[in-house]
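Enquirer:
Numbering (this note's numbering), first residue to last: 332 to 819.
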């Protein structure tokens with residue numbers, strides 16, 4: 332295990348290797364966000380309410396596994412470190428789990444189809460938890476530098492954005508390339524499974540962990556584990572703030588992604604342009620990642636987040652004017668604005684998170700990146716699942732009509748059915764209002780977020796002195812002040 336001081340600048344190789352790991356996190360979430368609800372209702376052909384239940388049940392499962400994986404990662408001790416061994420373990424399992432969840436089972440019974448879907452989705456959730464919880468915990472060990480963490484998050488989001496483009500544009504094109512939709516989905520799943528799994532070999536080789544964080548593991552105790560994993564983190568004011576900003580920014584994107592294909596298909600009636608619309612969104616997102624990196628350096632991460640929220644809200648208000656007669660230029664402009672805003676959310680929230688274990692060390696004296704990563708990962712997935720459960724049931728109650736199986740020119744196809752005016756109205760309200768409501772909550776938390784660049788520099792200086800055994804009245808006074816501001 333290579334060890335480097337946490338304050339050093341990171342090499343390009345390390346940034347690239349770490350960033351490639353989010354081909355999986357960003358790519359898988361994009362495909363699922365845009366296409367999985369549609370896949371379940373229109374290909375596997377289970378009702379929207381059952382599809383929503385799949386997301387909800389899997390996140391109840393995540394409520395246990397994500398924080399526990401964080402604790403397991405913190406307590407892991409190998410010659411390769413606490414986090415990196417799970418990258419190698421995940422390579423093959425990522426491919427297998429992703430393929431299984433997109434396998435289009437054709438049981439006659441809807442109950443059997445639902446059972447397969449929920450079991451395969453839980454398997455996928457297990458593997459992404461095993462890999463992404465350690466992955467999210469690693470940046471806090473790679474560097475303690477405020478701006479380097481933003482740079483690392485930028486590299487991560489560049490690869491996430493590349494995955495986003497591929498996963499937004501290519502899945503339907505791959506499916507269309509096959510005469511049979513079901514075969515197309517299997518080919519798509521295998522190809523993207525390999526894209527997600529194989530890069531973790533390089534992520535393992537390019538990253539390192541710090542020896543000073545590999546302290547002796549204390550004896551395991553159930554009461555202490557519950558307290559340190561599920562209770563203490565929520566007592567940290569800075570963590571609560573970042574968590575709320577993260578949750579509500581990504582719920583906004585998740586809710587929009589979940590209904591966008593319905594919005595474009597059934598309201599705008601522009602399904603043939605869906606690939607290009609998503610392509611514009613993700614290309615613009617990648618282009619603006621360095622812009623928000625620069626903004627955070629000259630101002631702060633907090634200021635960049637607020638700017639991104641403002642752009643997103645303006646875009647959603649503008650979307651009220653979209654309709655079947657809108658020109659494609661206007662639709663592309665709308666997608667581009669979403670790309671700008673999502674670039675800000677993506678890079679800045681992930682740049683803020685590695686600062687939180689520093690705040691926790693001030694409180695606890697321990698390095699518990701895994702615990703916070705587990706909670707971060709779980710809350711992201713759980714909040715998204717609840718939102719998707721509500722959205723899918725809203726579509727169901729609004730009278731969504733599933734496609735019908737029909738033979739067209741000798742080929743069995745799924746034929747989309749016309750939707751009612753009530754359904755279209757509910758669809759438009761979800762598309763526009765849900766993101767605005769969620770982002771308003773995130774903006775409020777951002778305004779109250781206490782950790783500025785100056786305070787972070789003071790925090791790192793104090794922690795380094797404390798690790799060196801320095802104890803002075805001035806240091807105790809500084810510690811009390813920082814605890815009051817950052818922990819509450």
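Note that the Cβ used here is the ideal one computed from N, Cα and C, for glycine as well. Please read these numbers as outputs of a predicted model, since none were measured by experiment.
Verify the contact flag: residue 804, CB atom, against every heavy atom of the ligand FMN, threshold strictly below 7 Å.
Expert: Although the ligand FMN was asked about, the structure shown includes no ligands whatsoever.
Enquirer: Among 803, 786 and 376, which one has its Cα closest to the Cα of residue 443?
Expert: 376
Enquirer: Measuring straight from C-alpha to C-alpha, what distance separates residue 455 and residue 809?
Expert: Each residue's Cα considered, the two are about 45 Å apart.
Enquirer: With a CB to CB cut of under 7 Å and the five nearest residues on each side skipped, what residues in its chain are close to residue 728?
Expert: none
Enquirer: Put residue 697 into one of helix, strand or coil per three-state DSSP.
Expert: coil
Enquirer: Looking at the structure shown, is residue 809 part of a helix, part of a strand, or coil, going by DSSP?
Expert: helix
Enquirer: Is it true that the CB of residue 397 sits closer than 8 Å to the CB of residue 464?
Expert: yes
Enquirer: Is the Cβ-Cβ distance between residue 715 and residue 582 less than 8 Å?
Expert: yes
Enquirer: Work out the CA separation of residue 812 and residue 792 for me, nearest whole Å.
Expert: Those two C-alpha atoms are separated by around 14 Å.
Enquirer: Rounded to whole angstroms, what is the Cα-Cα separation between residue 336 and residue 474?
Expert: Residue placement at residue 336 cannot be trusted, given a pLDDT of 49 that sits under 50; what the coordinates show is reported in the next sentence. So the two alpha carbons sit approximately 8 Å from each other.
Enquirer: Among 656, 614 and 565, whose alpha-carbon lies nearest the alpha-carbon of residue 493?
Expert: 614
Enquirer: Could you give the DSSP three-state label for residue 735: helix, strand or coil?
Expert: strand
Enquirer: Return helix, strand or coil for residue 332, following the three-state DSSP convention.
Expert: In this predicted model, residue 332 has a pLDDT of only 48, less than 50, meaning its place in the structure is not dependable enough to derive any value.
Enquirer: Which ranges would you report for the alpha helix (DSSP H) in the segment 485-534 if only whole runs of at least 4 residues count?
Expert: 512-528
Enquirer: Measure the C-alpha to C-alpha separation of residue 436 and residue 773 and round it to an integer number of angstroms.
Expert: 39 Å
Enquirer: Helix, strand or coil for residue 552 per DSSP?
Expert: coil
Enquirer: How about the segment 476-494 and the segment 694-703: do they share at least three Cβ pairs that are nearer than 8 Å?
Expert: No: the two stretches stay apart, fewer than three of their Cβ pairs being nearer than 8 Å.
Enquirer: To the nearest angstrom, how far is the alpha carbon of residue 642 from that of residue 801?
Expert: Their Cα atoms are separated by approximately 46 Å.
Enquirer: Assign residue 815 to one of three DSSP states: helix, strand, or coil.
Expert: Secondary structure at residue 815: helix, using DSSP grouped into helix, strand and coil.
Enquirer: Let me confirm a value: residue 346 is counted as buried when at least 16 other C-beta atoms fall within 10 Å, else exposed. Which label applies?
Expert: buried
Enquirer: In this structure, does DSSP put residue 601 in helix, strand or coil?
Expert: coil
Enquirer: Using the C-alpha atoms, what's the distance from residue 691 back to residue 567?
Expert: 7 Å
Enquirer: Note down the Cα distance separating residue 639 from residue 589, rounded to an integer number of angstroms.
Expert: 21 Å
Enquirer: Kindly indicate which residue of 404, 388 and 462 has the alpha-carbon position closest to the one of residue 419.
Expert: 462
Enquirer: Distance, Cα to Cα, residue 385 vs residue 391?
Expert: 10 Å
Enquirer: Classify residue 804 as helix, strand or coil using the three-state DSSP reduction.
Expert: helix
Enquirer: Can you tell me which of 610, 575 and 353 puts its alpha carbon nearest to the alpha carbon of residue 777?
Expert: 575
Enquirer: On a Cα-Cα basis, can you pick out the residue from 423, 452, 750 and 539 that is closest to residue 363?
Expert: When only C-alpha atoms are compared, the closest one is 452.
Enquirer: Could you tell me whether the Cβ atoms of residue 751 and residue 382 are closer together than 8 Å?
Expert: The Cβ-Cβ distance between residue 751 and residue 382 does not fall below 8 Å.
Enquirer: To the nearest angstrom, how far is the alpha carbon of residue 674 from that of residue 440?
Expert: 43 Å
Enquirer: Using C-beta distances below 6 Å, list every residue in its chain close to residue 769, excluding the 5 sequence neighbours before and after it, in chain order.
Expert: 579, 582 and 583
Enquirer: How far does the alpha helix (DSSP H) with residue 567 in it extend, from its first residue to its last?
Expert: Residue 567 -> no alpha helix (DSSP H), and no H or E assigned at all.
Enquirer: May I ask you to report which of helix, strand or coil DSSP gives residue 348?
Expert: The three-state secondary structure of residue 348, taken from DSSP, is helix.
Enquirer: Just verifying my parser: in three-state terms, what is the DSSP assignment at residue 730?
Expert: coil
Enquirer: Is it the case that the segment 622-641 contacts the segment 658-665, given that we only count it when at least three CB pairs across the two stretches are under 8 Å?
Expert: Short answer: they don't touch.
Enquirer: Please list, in chain order, all residues of the same chain as residue 438 whose beta carbon is under 6 Å from its beta carbon, the five residues on each side excluded.
Expert: Here the set comprises 444.
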